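Numbering (this note's numbering), first residue to last: 113 to 251.
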């Protein structure tokens with residue numbers, strides 16, 4: 113059975129896309145810890161992070177780095193936090209979150225965001241990536 117992320121990727125259910133290329137995609141999380149919280153997800157369904165093929169893992173990190181740089185210009189923060197947890201969805205994914213302190217990475221603080229908020233933030237990050245010339249060809 114396809115994961116919820118695969119269903120979003122295949123446009124069976126809606127998602128707010130920030131990035132998509134041959135190996136991965138990035139979407140806003142519907143329950144962000146902070147504004148701008150998003151995920152970078154391999155297209156290949158892999159449950160455990162340590163089972164992701166090395167070339168895909170490296171690609172995910174390259175994409176996460178590019179997106180993080182764009183996020184910092186859109187959302188004021190000290191840094192972009194990153195985590196790989198993997199307990200709720202059996203499809204590996206990297207969380208990227210704008211943070212100012214460790215408490216900003218507390219998943220118990222996640223709250224449902226409006227579709228309008230998610231769409232607006234995704235659009236700003238995408239525009240920033242495009243303005244910086246980032247695309248699939250850069251990876």
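Note that CB positions come from ideal geometry on N, CA and C, so glycine has one too.
The structure presented is a predicted model; accordingly, all values stated were derived computationally and were not measured.
{"query": "Shorter than 6 Å, the distance from the beta carbon of residue 157 to the closest heavy atom of the ligand MG, or not?", "result": "Looking at this structure, you won't find the ligand MG or any other ligand, since it has none at all."}
{"query": "Does DSSP classify residue 193 as helix, strand or coil?", "result": "strand"}
{"query": "What does the alpha-carbon distance come out to for the pair residue 81 and residue 206?", "result": "Given a span of 113 to 251 for the chain in the structure shown, any question on residue 81 remains unanswerable."}
{"query": "What are the partner residues of residue 209, as DSSP defines its beta bridges?", "result": "193"}
{"query": "Would you mind reading off the limits of the alpha helix (DSSP H) that contains residue 117?", "result": "116-121"}
{"query": "Quick check on residue 138: does DSSP put it in helix, strand or coil?", "result": "strand"}
{"query": "In chain order, which continuous runs of the alpha helix (DSSP H) of length 4 or greater are located wholly inside the region 147-200?", "result": "166-186"}
{"query": "May I ask you to list the residues that DSSP assigns as paired with residue 132?", "result": "137"}
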